[in-house]
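Asker: After the structure tokens below, expect a handful of questions from me.
Protein chains: 6
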Amino acid sequence: MKEYKSLEIIQKSPNSRVYYLYLNRPGHLNALSRDFFTEFPQAISSLDQNPDVAVIVLAGSGKHFCSGIDLQTLADGFKETYDADCGRNVEKLRRHIKFLQEAITALECCRKPVIAAVHGACIGGAIDIITACDIRFCSSDAFFSVKEVDLAITADLGTLQRLPSIVGFGNAMELALTGRRFMASEAKDLGLVSKVFTSKQALEEGVKLVAEDIATKSPLAVIGTKAVLLKSRDLTVEQGLEYVATLNSGILLSNDLKEAISAHSQKRKPKFAKL
Amino acid sequence: MKEYKSLEIIQKSPNSRVYYLYLNRPGHLNALSRDFFTEFPQAISSLDQNPDVAVIVLAGSGKHFCSGIDLQTLADGFKETYDADCGRNVEKLRRHIKFLQEAITALECCRKPVIAAVHGACIGGAIDIITACDIRFCSSDAFFSVKEVDLAITADLGTLQRLPSIVGFGNAMELALTGRRFMASEAKDLGLVSKVFTSKQALEEGVKLVAEDIATKSPLAVIGTKAVLLKSRDLTVEQGLEYVATLNSGILLSNDLKEAISAHSQKRKPKFAKL
Amino acid sequence: MKEYKSLEIIQKSPNSRVYYLYLNRPGHLNALSRDFFTEFPQAISSLDQNPDVAVIVLAGSGKHFCSGIDLQTLADGFKETYDADCGRNVEKLRRHIKFLQEAITALECCRKPVIAAVHGACIGGAIDIITACDIRFCSSDAFFSVKEVDLAITADLGTLQRLPSIVGFGNAMELALTGRRFMASEAKDLGLVSKVFTSKQALEEGVKLVAEDIATKSPLAVIGTKAVLLKSRDLTVEQGLEYVATLNSGILLSNDLKEAISAHSQKRKPKFAKL
Amino acid sequence: MKEYKSLEIIQKSPNSRVYYLYLNRPGHLNALSRDFFTEFPQAISSLDQNPDVAVIVLAGSGKHFCSGIDLQTLADGFKETYDADCGRNVEKLRRHIKFLQEAITALECCRKPVIAAVHGACIGGAIDIITACDIRFCSSDAFFSVKEVDLAITADLGTLQRLPSIVGFGNAMELALTGRRFMASEAKDLGLVSKVFTSKQALEEGVKLVAEDIATKSPLAVIGTKAVLLKSRDLTVEQGLEYVATLNSGILLSNDLKEAISAHSQKRKPKFAKL
Amino acid sequence: MKEYKSLEIIQKSPNSRVYYLYLNRPGHLNALSRDFFTEFPQAISSLDQNPDVAVIVLAGSGKHFCSGIDLQTLADGFKETYDADCGRNVEKLRRHIKFLQEAITALECCRKPVIAAVHGACIGGAIDIITACDIRFCSSDAFFSVKEVDLAITADLGTLQRLPSIVGFGNAMELALTGRRFMASEAKDLGLVSKVFTSKQALEEGVKLVAEDIATKSPLAVIGTKAVLLKSRDLTVEQGLEYVATLNSGILLSNDLKEAISAHSQKRKPKFAKL
Amino acid sequence: MKEYKSLEIIQKSPNSRVYYLYLNRPGHLNALSRDFFTEFPQAISSLDQNPDVAVIVLAGSGKHFCSGIDLQTLADGFKETYDADCGRNVEKLRRHIKFLQEAITALECCRKPVIAAVHGACIGGAIDIITACDIRFCSSDAFFSVKEVDLAITADLGTLQRLPSIVGFGNAMELALTGRRFMASEAKDLGLVSKVFTSKQALEEGVKLVAEDIATKSPLAVIGTKAVLLKSRDLTVEQGLEYVATLNSGILLSNDLKEAISAHSQKRKPKFAKL
């Protein structure tokens with residue numbers, strides 16, 4: 005498997021279809037570097053293409069999930085951009101921001117579900133990342149902050165687009181304008197995470213259980229469910245119904261459905277081919 | 005009143021404007037049969053047209069609200085469709101799914117409010133049904149599951165379109181990908197139900213109170229409120245404001261408003277004509 | 005500062021950039037009068053234009069936040085409109101409703117954040133107002149009701165458009181159809197308010213802390229965050245990302261960012277110019 | 005075949021898959037009556053369900069295509085509605101207009117293409133009808149008018165929604181505000197009709213050629229093309245691309261494609277099964 | 005009537021409901037000055053509120069319709085803005101552009117139809133203006149250019165939003181990227197103007213005829229038609245149908261409809277009250 | 005410059021900023037092969053990144069522009085896909101279609117304008133390509149056909165999404181359902197091409213003139229114009245205005261604007277830096 009500077013991919017047990025993707029600069033609290041923005045979409049895409057992979061778990065190496073954008077990287081970019089014609093400057097920066105955004109959006113382009121497992125700090129750009137994941141869990145030591153406003157930045161990597169539909173518009177506005185820190189239990193109350201585990205170890209075990217369970221389900225139904233939820237988010241209800249009817253008319257009548265019905269009537273666990 | 009195979013309509017007290025619509029195949033846990041998909045929109049439409057009806061309560065006969073799509077029905081459809089040309093097959097199935105969807109969407113086409121009263125199982129297709137209702141209550145024994153993924157199916161009757169705006173996008177994704185069972189109190193925390201009652205009997209009494217209360221309100225204001233909320237869901241805020249201004253400019257200056265203001269100043273209960 | 009009949013603007017401490025806007029007809033429970041709908045957008049706009057203002061707190065004078073539309077005003081309008089040609093009547097009323105709506109929407113047109121501080125009654129039209137604010141806090145004595153339905157009115161000043169994205173679609177429907185009263189703690193659970201304070205005094209102190217804190221942040225980042233959240237609400241995620249990339253490419257490279265990074269590395273509080 | 009009061013369905017030659025639907029009240033210039041609005045969607049739906057039908061041609065019996073809404077019908081409805089409570093009145097009328105609209109929209113719900121063949125008058129409601137058809141041809145004696153404004157009516161059966169995308173927004177506004185009559189050749193220049201034939205007979209022959217030609221094409225591709233164009237009209241380009249990719253992934257690999265490729269390589273006409 | 009520096013309002017004959025609004029800086033080819041952007045929305049709004057006005061004709065004094073934004077004004081704004089913090093600069097400019105845009109959008113906010121009568125030059129900002137008008141006529145000497153690109157400007161006052169739906173997307177792109185001049189007859193072919201008159205005098209007479217004719221129609225139907233076309237432009241077809249059904253259910257049953265039907269049966273010209 | 009199998013990039017004169025991209029399989033009528041779909045987005049992207057390139061001209065080598073999808077390629081894909089599980093099959097095909105679509109959409113992702121220069125055949129997939137270009141010219145020998153329907157295919161590479169806004173919805177439907185051939189002059193009347201040249205040589209010269217002219221304009225204004233037109237296509241008018249105001253506030257105050265104003269006042273041609 006390819007080597008990454010900012011990431012690590014691990015298949016924890018040989019036959020498992022669950023792959024772990026680690027933010028892997030623990031010495032820098034997994035702060036998001038230039039490398040990250042290049043490597044992350046590559047890693048996600050390679051896992052999406054790999055038929056051995058059914059579910060991806062995204063986690064952080066070391067003491068924290070991720071402390072957000074690397075400030076040095078930010079400051080460097082700042083200097084570099086600042087000497088040209090103002091208009092060209094802006095155009096260049098706009099392209100750069102879109103490049104950064106695409107690294108995060110790769111999580112939604114990935115057909116397979118991505119589960120974020122958060123412990124410790126989950127700050128700024130890390131919120132952009134987890135709001136683009138499909139399921140979020142955390143340990144009780146996790147803490148969160150939509151921190152950008154405190155760096156004089158309007159968050160531009162997705163938080164302001166994706167957080168409102170997850171925690172409600174009012175909560176998203178309050179968190180983004182205050183930048184205040186909030187803890188695991190509030191994250192649960194807000195709907196940002198689906199469950200809080202009592203420790204990092206409990207988190208790892210719990211996430212493993214959920215991920216392995218999803219990995220046993222029909223891959224067609226799993227990627228269909230993710231795709232339909234994501235596409236319907238930006239459609240009217242009627243358009244979303246038309247979309248899922250169209251999608252399902254093509255993929256519903258698969259071996260997976262036969263196997264599921266047969267297993268159900270035989271009261272056994274179904275087994276599905278890879279995708 | 006018309007006889008249905010899969011449903012029963014009951015007016016529980018003679019002068020009440022609250023009508024009860026029962027999923028009525030208790031021997032099959034009210035599983036959704038072919039009959040259901042034909043009869044349900046007819047029943048809803050007849051209640052909508054009936055001026056004696058102000059509010060509809062949707063409930064399940066027997067021990068459970070509804071266990072979802074009837075598997076036998078599903079398997080039958082599966083066989084029947086599977087021998088023609090692949091493309092025509094898909095086209096036929098697409099029309100079939102849209103036919104099924106329309107049965108559920110009938111709940112939103114109905115001008116009058118529909119209150120779901122859930123006890124026992126509320127699984128798979130039953131979630132599609134209740135997310136298209138206007139208010140949801142349950143008893144403490146109720147349990148829920150977006151179960152389709154476990155049958156190798158991408159849910160296609162509305163859950164993936166309507167659940168996210170009710171419980172938040174993150175919660176909807178987690179429930180739909182895991183298919184896990186959740187209980188009444190979690191349904192309340194998620195915003196899926198508005199209240200949990202301690203028993204089936206308490207549910208029935210509580211729902212009756214709310215339904216009878218809404219039935220005493222101005223029918224114009226009640227159907228206006230439902231219509232505006234549903235239409236605004238798929239519009240920008242500005243378009244939604246334009247829509248409600250346009251609607252209200254026509255229906256606001258009614259006898260109902262006169263009666264409401266007059267009753268208010270006379271400190272008595274207002275009385276409104278049927279619609 | 006301009007005098008208003010229905011409002012009062014107060015700068016509580018001389019150098020503070022937090023301005024308080026009071027609904028100021030305590031003898032009428034701050035019910036919304038004709039004057040209000042003319043004066044409110046003027047007041048909001050003047051605060052938005054004033055470079056000394058960074059944050060606006062909206063509160064009510066006297067015992068309650070606001071009891072909603074003034075019924076006398078409503079009844080007057082009712083009489084006045086009722087003698088012309090029916091079609092022209094409707095057209096006139098439609099323009100009138102849009103005029104009223106614009107007074108509330110002024111809160112979203114205001115670039116600077118508006119924090120609602122609610123105590124006592126927050127009824128009917130008051131819900132329209134607070135759902136257009138950016139952050140909502142209340143004291144424990146606050147109570148709320150989407151009351152319009154009980155006056156035979158389909159709420160038409162924004163509640164039905166803005167409440168669903170704040171509290172979820174199901175909760176919004178239930179509150180709007182029942183018109184039931186709900187208390188501070190439920191408002192918190194629903195996400196309608198971000199925090200409940202134990203008393204009116206605690207509310208005032210708490211709001212002051214939050215407001216003064218936001219007032220110390222980069223004004224560019226604060227108004228950018230508000231603008232992007234509001235605009236993205238009505239865009240697809242992809243369109244919202246494009247929008248924020250475009251906005252940030254122009255305003256990111258400001259003195260505020262330099263100051264924020266420099267203050268961060270020097271471990272001091274940053275200081276930002278007015279806007 | 006079912007008998008209609010306002011319509012006639014004709015299969016002009018025994019083996020043809022082209023069916024003709026005639027507006028058939030020539031004594032009233034085929035003015036749209038109450039019967040029409042009930043019968044038209046029934047007729048369209050029966051043709052859509054009928055596997056012998058591949059293409060529908062819509063034409064008018066007698067000297068004109070259609071003179072629009074029957075004024076007597078309109079005046080009757082006017083009297084009848086005018087004595088109840090004003091608000092209920094409006095609500096009743098709103099339902100009635102939606103009922104009328106659905107009769108026209110049936111043309112778009114029909115999966116199979118509908119070709120309008122227009123001669124003589126095509127006025128008011130007739131424009132609503134032809135803008136919901138898929139292809140429009142006329143003879144040189146045809147004349148058109150978006151006439152509603154001259155009856156003090158805002159056109160409400162679809163012209164104001166569908167005409168702009170056919171003739172351009174500016175042209176649609178001018179035609180709708182002036183209500184002026186325009187002739188066949190201008191209709192062609194505007195894009196309202198695809199071709200003008202020199203006489204009614206030439207029109208009939210020309211339409212027959214086009215309709216029979218489409219009837220020889222793959223039914224899957226024909227209904228797919230109509231569906232995708234209609235659905236994409238209300239989607240972003242990206243959403244439309246996603247939709248057609250999803251649709252085609254299910255229906256592309258059909259016997260029709262095999263037959264088309266095989267016929268192409270054998271340089272013969274392909275033959276497709278009915279749908 | 006109010007005096008304007010950049011505009012003149014003329015009622016050409018005493019009883020006419022057609023009012024003429026002149027761009028009135030003929031010495032500067034009616035170039036759009038700072039005054040214009042303040043006065044134009046005021047003038048439009050006053051005409052909209054004035055019940056004596058049924059139709060507005062927009063024309064240019066002197067030899068040309070309008071040569072676009074005043075370059076001196078542009079250059080002034082350029083200097084003035086260029087010394088502050090870059091980010092604040094951009095924010096200020098963004099507000100300024102939105103202020104300019106609102107002046108043009110006033111044409112669409114005006115309920116009554118606005119007819120542009122173009123002679124001579126119609127360049128740059130003038131295209132922004134006429135694309136926001138409802139009907140466009142010109143004399144044969146008129147010439148047009150989407151000129152902004154030649155001043156290193158991305159047109160930002162509405163041309164890029166409104167022109168495509170008037171002339172087609174491809175034509176709009178070509179005209180905006182090349183900035184080439186095109187003549188009256190091409191403007192007619194493109195659908196940008198509805199008719200070309202042989203001379204300025206013929207234009208004046210022709211526009212007068214059309215405007216006076218519209219002024220005799222039902223004001224409710226006229227403003228309804230404009231409103232529905234504009235609102236439907238940004239809605240799906242189904243949403244547009246819902247909107248017009250809702251609007252018409254309120255305004256259809258007016259004295260205007262009675263008068264129109266009665267006049268029709270008595271074969272006389274109808275007469276409608278002012279609005 | 006990179007070598008391509010299906011394409012050729014030519015800079016025709018040393019200092020020109022106009023680059024020519026040729027579909028370069030003249031022996032196969034430039035039919036779109038597997039190679040094409042991989043190479044085309046690469047070529048477009050490399051030209052977009054290259055600061056020496058201001059304008060791209062897309063043309064065909066040999067006697068024709070392009071005859072559409074290579075049938076052999078299509079048939080191969082057909083065989084290969086047809087033996088797996090039906091549902092997986094569909095999923096695989098869906099990904100494949102999206103991959104093909106992205107190759108075409110690359111034309112819109114490219115910031116710089118792309119001019120299609122069409123001669124001879126422009127069939128099927130070639131229509132998908134040119135509708136995604138920004139400007140289209142052709143020679144008088146050009147002929148066009150939305151041919152997919154005759155191969156039993158619903159066009160799925162963009163024609164059904166992009167053609168309606170270019171030629172009108174009615175024309176697009178007629179062309180797509182009939183698949184009929186149409187000639188250069190009709191393409192001009194429909195708005196599909198902006199100009200018809202009398203010969204291939206005249207086309208080359210004419211395109212060169214237009215392309216070189218655009219290449220002398222401000223690159224910021226040119227890419228801004230393209231971006232705003234494309235983005236606004238999928239936004240409401242109001243959202244489009246907000247977008248262009250935001251974009252322009254960042255890029256307007258550039259050296260390009262200074263140079264344009266200065267050149268204008270000095271009556272000389274402006275000169276702009278590369279982008």
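Protein chains in written order, with the working numbering: chain A, 5 to 279; chain B, 5 to 279; chain C, 5 to 279; chain D, 5 to 279; chain E, 5 to 279; chain F, 5 to 279.
Glycine included, C-beta positions come from ideal geometry on N, C-alpha and C.
In this structure, does DSSP put residue 14 of chain E in helix, strand or coil?
Answerer: If DSSP states are grouped into helix, strand and coil, residue 14 of chain E belongs with the strands.
Asker: When you compare each of B:154, B:115 and B:210 to residue 185 of chain B by their alpha carbons, which one comes out closest?
Answerer: The residue with the shortest Cα to Cα distance from residue 185 of chain B is B:154.
Asker: With a threshold of 8 Å, are at least 3 pairs of Cβ atoms found where one atom belongs to the segment 45-65 of chain D and the other to the segment 18-25 of chain D?
Answerer: Yes, they touch.
Asker: Is it right to say residue 141 of chain B is buried, meaning 16 or more other beta carbons lie within 10 angstroms of its own, or is it exposed?
Answerer: Residue 141 of chain B is buried by the Cβ-count criterion.
Asker: If you reduce the DSSP assignment to three classes, tell me which class residue 44 of chain F lands in.
Answerer: Helix at residue 44 of chain F.
Asker: Counting only the same chain and skipping the five closest in sequence on each side, list residues whose C-beta sits under 7 Å from that of residue 72 of chain D.
Answerer: Closer than 7 Å at Cβ, skipping near neighbours: 35, 36, 127, 128, 129, 130 and 151.
Asker: Would you say the segment 53-68 of chain C touches the segment 113-123 of chain C, given that touching needs at least three Cβ pairs under 8 Å?
Answerer: Yes: at least three Cβ pairs fall under 8 Å.
Asker: Let me confirm a value: residue 103 of chain D is counted as buried when at least 16 other C-beta atoms fall within 10 Å, else exposed. Which label applies?
Answerer: Exposed.
Asker: Pull up the distance between the alpha-carbon of residue 122 of chain A and that of residue 6 of chain A, whole angstroms please.
Answerer: Straight-line Cα distance between these residues: approximately 24 Å.
Asker: Taking residue 31 of chain D as the reference, give the member of D:14, D:138, D:215 and D:74 with the closest Cα.
Answerer: Residue D:74 is the option with its Cα nearest to residue 31 of chain D.
Asker: Starting from residue 250 of chain A, find everything on chain D with Cβ-Cβ shorter than 8 Å and list it in chain order.
Answerer: Residues of chain D passing the Cβ test: 247, 250, 251 and 254.
Asker: Leaving out five residues before and five after residue 91 of chain F in sequence, what residues of the same chain have Cβ atoms less than 7 Å from its Cβ?
Answerer: Result list for residue 91 of chain F: empty, nothing under 7 Å.
Asker: Note down, in chain order, each residue of its chain lying with its Cβ closer than 6 Å to the Cβ of residue 12 of chain C, except the 5 sequence neighbours on either side.
Answerer: The residues are 26 and 28.
Asker: Going along the chain, which residues of its own chain have a beta-carbon closer than 7 Å to the beta-carbon of residue 181 of chain F, five neighbours each way excluded?
Answerer: Excluding positions up to five away in sequence, the list reads 153.
Asker: List, from N- to C-terminal side, the beta strand (DSSP E) runs of 3 residues or more that fit wholly inside the segment 61-138 of chain C.
Answerer: DSSP runs (the beta strand (DSSP E)) wholly in the segment 61-138 of chain C: 118-122 and 125-127.
Asker: Within the continuous beta strand (DSSP E) that includes residue 199 of chain C, where are the two ends?
Answerer: 199-201 is the span of the beta strand (DSSP E), which, as asked, contains residue 199 of chain C.
Asker: Taking the alpha helix (DSSP H) that residue 144 of chain E belongs to, which residues open and close that run?
Answerer: From DSSP, residue 144 of chain E is part of no alpha helix (DSSP H); its letter is neither H nor E.
Asker: DSSP state of residue 266 of chain C, grouped into three classes?
Answerer: If DSSP states are grouped into helix, strand and coil, residue 266 of chain C belongs with the helices.
Asker: At which residue ranges does the segment 143-173 of chain C contain complete beta strand (DSSP E) runs of 3 or more residues, listed in the order of the chain?
Answerer: The segment 143-173 of chain C contains these whole beta strand (DSSP E) runs: 147-149.
Asker: Could you work out which residues of chain C lie near residue 105 of chain F, taking near to mean beta carbons separated by less than 7 Å?
Answerer: What residue 105 of chain F touches in chain C: nothing, since even the nearest Cβ is about 15 Å away.
Asker: Interface residues of chain E around residue 72 of chain D at Cβ under 7 Å?
Answerer: Residues of chain E passing the Cβ test: none, with the nearest at roughly 12 Å.
Asker: If I'm right that residue 108 of chain E touches residue 132 of chain E with Cβ under 8 Å, what's the distance once you round it to whole angstroms?
Answerer: That pair is a contact at about 5 Å.
Asker: Please look up how many angstroms separate the CB atoms of residue 247 of chain E and residue 236 of chain E, rounded, as I've assumed it's under 8 Å.
Answerer: The pair is a contact, with the Cβ atoms about 7 Å apart (cut-off 8 Å).
Asker: Within the continuous beta strand (DSSP E) that includes residue 23 of chain B, where are the two ends?
Answerer: Unbroken beta strand (DSSP E) run through residue 23 of chain B: 22-27.
Asker: Decide if residue 55 of chain F is buried, meaning its Cβ has at least 16 other Cβ atoms within 10 Å, or exposed.
Answerer: Residue 55 of chain F comes out exposed.
Asker: Which one or two residues does DSSP pair with residue 36 of chain E in a beta bridge?
Answerer: BP columns for residue 36 of chain E point to E:73.
Asker: Checking 8 Å against the spacing of the C-beta atoms, do residue 279 of chain D and residue 227 of chain D come in under that value?
Answerer: Going by C-beta atoms, residue 279 of chain D is nearer than 8 Å to residue 227 of chain D.
Asker: Can you tell me the Cα-Cα spacing of residue 77 of chain E and residue 38 of chain E, whole angstroms?
Answerer: If I take the Cα positions, the gap works out to 7 Å.
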